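Quick note on numbering: the UniProt record's numbering labels position 224 of the sequence shown as 224, and the sequence is numbered without any gaps.
What follows is a single structure, written as structure tokens, with notes after it.
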Amino acid sequence: MTQVTDHGGGVRSLRVPIPDNPLGHTLVYVVDTDRGPVLIDTGWDDPESWDTLAEGLTACGTSAAGIHGVVITHHHPDHHGLSGRVREASGAWIAMHAADTAVVRRTREARPERWFAYMAAKLTAAGAPEEHIAPLRQPRHRTLPGLSPALPDRDIVPGELLALPGRRLRAIWTPGHTPGHVCLHLEEDHPARLPGRGRLFSGDHLLPEITPHIGLYEDPEDTTVTDPLGDYLDSLERVGRLAPAEVLPAHQHPFSDAAARVRELLAHHESRLTDLLVLLAEPLTPWQLAERMEWNRPWAEIPYGSRTIAVSEAEAHLRRLLKLGRAEAVPGSEPVTYVAV
1 MTQVTDHGGG VRSLRVPIPD NPLGHTLVYV VDTDRGPVLI DTGWDDPESW DTLAEGLTAC
61 GTSAAGIHGV VITHHHPDHH GLSGRVREAS GAWIAMHAAD TAVVRRTREA RPERWFAYMA
121 AKLTAAGAPE EHIAPLRQPR HRTLPGLSPA LPDRDIVPGE LLALPGRRLR AIWTPGHTPG
181 HVCLHLEEDH PARLPGRGRL FSGDHLLPEI TPHIGLYEDP EDTTVTDPLG DYLDSLERVG
241 RLAPAEVLPA HQHPFSDAAA RVRELLAHHE SRLTDLLVLL AEPLTPWQLA ERMEWNRPWA
301 EIPYGSRTIA VSEAEAHLRR LLKLGRAEAV PGSEPVTYVA V
């Protein structure tokens, strides 16, 4: 059975499954407007996910063909995956922040071989062992999800109200999880009169119990040294100041007291940075650092793909330490090692 939750005030959510993923599902929100329902995110591009979305929309009294627009919090396939199918069914517009639209455009234009070669070079530079890199040298046997995501046709402009007739939904740019991640602030009284300023559709930026992945912004053509963790921490503080009455996240469940959750996440990352400085008492490559960091399971039990993600997260934390002047690269090391200052 499709699980539909009515949050009041013309907002409902559908639990759209993510295949073979411990997150289980994406919460897709259906927002009523004077021109018809608008979706916030759409779910993974998979037959079961599509059927669940379609059934949920029917339970809401509408259909995929009746959707007026699609607002995407960020480009990841569990959020943007079904956008193209919704647009094909309805003619709906798709809106996304320009920074993530650029990622979608690169994904559509790049050959998989280019991506595998880029990842192999990045992991080599991070000090990954050959047995981890070797599979990337044989891309013909591998596939990637979301290689042809729908190209959005509208930009989400930070600080502006979206064109949702009869609603006040303002875009809040919250980079970190992705460069163009947005939260969406529904500037309307909470239907249950909870204290606070409206409701916040938080995507993956602010989740009740999970710390979202903060890795590197990957662009094979751009050599800019970005600071995703710094972006995320700044974005967290911005959202905390909004003081919404309720947060409607893309995973798990709605919750209140966004400011308290923001404080928890800020403290978590500060503690993590402090722990890394202890590890960096000796020079380590990003791969060696990832091996020694605390994860939700021992390193030996972390599967192949998740190890690559873990190394990216280690590098994001390293970049933050470098920018703060709390760590530095060891001159002449190859692959490059880093040490606490």
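The beta-carbon is built from N, C-alpha and C at its ideal position, and this holds for glycine as well.
All values reported here derive from a predicted model rather than from experimental measurement.
Grouping DSSP H, G and I as helix and E and B as strand, with all else coil, what is residue i?
i	result
residue 399	Residue 399 is absent from the model: the chain starts at 1 and stops at 341.
H75	coil
P149	coil
D155	strand
I133	helix
P175	coil
I40	strand
A340	strand
L161	strand
H25	strand
P112	helix
G198	coil
I210	coil
G230	helix
M96	strand
A327	strand
Exposed or buried, residue i, counting other C-beta atoms within 10 Å across all chains shown (16 or more means buried)?
i	result
Q288	buried
W299	exposed
P19	exposed
P165	exposed
Taking the Cβ atom as the reference point for each residue, do residue i and residue j lie within a distance shorter than 7 Å?
i	j	result
I67	S83	no
R319	D227	yes
V31	V11	yes
G198	L186	yes
D78	W44	yes
L265	L284	no
L216	E301	no
V341	E328	yes
How long is the line joining the alpha carbons of residue i and residue j, rounded to whole angstroms?
i	j	result
I133	M293	20 Å
L194	E334	56 Å
D222	R106	12 Å
L229	R241	19 Å
S256	P331	48 Å
E130	P220	21 Å
P209	Q252	Sequence inspection shows Glu at residue 209; the Pro mentioned does not correspond to that position. Approximately 8 Å, taken between the alpha carbons.
R272	A65	46 Å
Is there at least one non-hydrogen atom of the ligand NAP closer than 6 Å to the beta-carbon of residue i?
i	result
D219	What this structure holds is no ligand at all, so the ligand NAP is not there to describe.
Measuring CB atoms only, is the region 299-312 touching the region 118-136, in the sense that at least three cross pairs come out at less than 8 Å? yes
Determine contact between the region 58-75 and the region 29-47, defined as no fewer than three beta-carbon pairs at a distance below 8 Å. yes
The region 45-54 contacting the region 168-185, beta-carbon criterion three pairs below 8 Å: no
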